[in-house]
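Everything on this sheet refers to the single structure shown next.
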Amino acid sequence: MIIYRAKDYKDLSRKAANILRAQIIMKPDCILGLATGSSPVGTYEKLVEWYQEGDLDFSKVSSINLDEYKGLKPDNDQSYRYFMDTHLFNHINIDKTRTFVPNGLETDSEKACKNYDEIIEKLGGVDLQLLGLGHNGHIGFNEPSDVFPCGTHCVDLAPSTIEANKRFFTSESEVPRQAYTMGIRSIMLAKKIIVVVSGKDKAEILKKVICGPITPNVPASVLQLHADVTIVADEAALSQI
Ligand code: GLP
64 MIIYRAKDYK DLSRKAANIL RAQIIMKPDC ILGLATGSSP VGTYEKLVEW
114 YQEGDLDFSK VSSINLDEYK GLKPDNDQSY RYFMDTHLFN HINIDKTRTF
164 VPNGLETDSE KACKNYDEII EKLGGVDLQL LGLGHNGHIG FNEPSDVFPC
214 GTHCVDLAPS TIEANKRFFT SESEVPRQAY TMGIRSIMLA KKIIVVVSGK
264 DKAEILKKVI CGPITPNVPA SVLQLHADVT IVADEAALSQ I
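Here the numbering used here is used: the first residue of the sequence shown is 64, the next is one more, and so on.
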């Protein structure tokens, strides 16, 4: 596990974006695993900036996102499809037909998850997976549990996740209670993983992820078993290590 200590969020975003940029330059037709949440927003801003300066080409890149709220339409401004479009895809030359997000509108969970696993398999493996970290140690929407779930599945969101994500909605009652998420196995199969973590409120969980026991109660702790993980965190997030 490599840990890059960034001065602040801006520095973190620049460092993380540089790793993504290197990946795209080295393999223009790479498969990127992408994440939502506030942590990667600055990283995406940097990528857009470099694209606009003519320094990056996404024309051959494909992407697959970690998760989506169940029940939200793609044009709902809280859906993760909308997030990806507005923060990244609308501003770069990626072919949108090669950007994948679970179908939140599919009410049949089994079907939605099976379809997504087929897409993941067809893509043939993620080259670089970008992750954020939930306050309870979740990655994607893999919530603390007794087991590490393998493939894409439908999750009941933990009360702490609903609480953390309510800031994006008008009220807590509007936060969807379920989501589709890629499983831990799919995440762990990525060739390279990069985790962006910012802020003092993540310091305690980040310590558990890096130094604690590997347990499905802290889903991100499984990353200790991956051969190529880079954590890019700011000083505040690393303050307990
Ligand atoms: C959400 C997403 C995760 C994300 C996490 C942390 O619940 N499903 O993929 O990593 O929250 O979000 P933030 O970066 O806003 O703290």
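Heads up, the beta-carbon is just placed ideally off N, CA and C, and yes, glycines get one too.
- Judged by DSSP secondary structure, E181 falls within the alpha helix (DSSP H) whose first and last residues are 172-186.
- With a cutoff of 9 angstroms on beta-carbon distance, L186 and I257 are scored as not near each other.
- Restricting attention to A227, T244, L151, the CA atom closest to the CA of S236 is found in A227.
- Residues whose Cβ lies closer than 6 angstroms to any heavy atom of the ligand GLP, listed in chain order: A98, T99, G100, S101, S102, L129, D130, G195, L196, G197, G203, F204, T224, N228.
- Residues F152 of the same chain have their beta carbon placed closer than 7 angstroms to that of K159, with the five preceding and five following residues left out of the count.
- With fewer than 16 other beta carbons inside 10 angstroms of its own, I65 counts as exposed.
- Taking every protein chain shown into account, the CB of T162 has 16 or more other CB atoms within 10 angstroms, so this residue is buried.
- For D130, the three-state secondary structure derived from DSSP is strand.
- Between P91 and the set P103, D190, E169, the nearest pair of CA atoms involves D190.
- The stretch 216-225 and the stretch 78-94 do not touch, with fewer than three beta-carbon pairs separated by less than 8 angstroms.
- According to the DSSP assignment, A227 belongs to the alpha helix (DSSP H) that extends over 222-228.
- Taking a contact to require three or more Cβ pairs closer than 8 angstroms, the stretch 124-141 and the stretch 279-288 do not qualify as touching.
- Secondary structure of S142 (DSSP, three-state): coil.
- For V164, there is no enclosing alpha helix (DSSP H), as DSSP marks it with neither H nor E.
- When beta bridges are read from the DSSP output, R68 appears opposite A296.
- Within a 10 Å sphere around the beta-carbon of S101 sit fewer than 16 other beta-carbons, which makes this residue exposed.
- Per DSSP, reduced to three states, the secondary structure at V258 is strand.
- In this structure, G200 sits near S284, with a CB-CB distance shorter than 9 angstroms.
- DSSP places V218 within a strand segment (E or B) once states are collapsed to three.
- G96: member of the beta strand (DSSP E) spanning 94-97, first to last residue.
- Secondary structure note for L194: its beta strand (DSSP E) is the uninterrupted segment 191-194.
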